[in-house]
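The structure appears below as structure tokens.
In the numbering used here, the protein residues as written are 490 to 681.
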């Protein structure tokens with residue numbers, strides 16, 4: 490059974506190869522061999538086909554141009570966004586530097602513990618006196634308010650220094666840097 494199938498397959502394949510070898514390609518007759526009416530009809534068909542092809546080519550071309558314009562606009566928008574991110578990073582770095590400078594100037598202007606206790610005591614007393622008439626509270630509660638405000642300021646300063654150290658890392662990606670900047674902004678807004 491298998492040998493018969495193989496034989497028929499072989500015969501069929503040989504017939505196909507011999508049949509293909511016997512055919513010759515069809516060649517178009519020259520236009521001059523047709524009559525005048527046939528020539529005009531053929532020329533009209535060629536012109537109509539040519540006009541359809543030209544209109545399709547123009548449509549494809551305008552579509553490609555529109556797509557290219559969209560891509561260029563998208564790239565420009567991305568470049569603009571990247572530039573804005575870099576400006577935000579620079580602004581954050583400047584803000585961080587300003588915060589560090591403010592913190593260092595506060596430390597320099599703060600009196601030492603042993604040397605200027607009298608001026609420190611007199612400044613606390615003057616703060617307590619100025620807060621007492623305004624709020625009607627005792628001088629003791631005025632110093633507590635000052636101490637808690639100072640503590641809050643120190644905590645904010647420490648947190649900002651931590652953000653500054655994180656932003657100073659050169660291995661940060663742009664997305665990580667933007668996240669840190671956003672976290673810092675949110676923290677500072679919530680603690681004002």
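Every residue gets a Cβ at the ideal spot worked out from N, C-alpha and C, and that includes glycine. All values derive from a computational prediction rather than experimental measurement.
Would residue i pass as a contact of residue j if the rule is Cβ separation under 8 Å?
i           : j           : result
residue 653 : residue 585 : yes
residue 678 : residue 578 : no
residue 674 : residue 649 : no
residue 656 : residue 572 : no
residue 663 : residue 574 : yes
Helix, strand or coil: how does DSSP classify residue i here?
i           : result
residue 674 : helix
residue 527 : helix
residue 662 : coil
residue 550 : helix
residue 570 : helix
residue 646 : helix
residue 504 : helix
residue 653 : helix
residue 681 : coil
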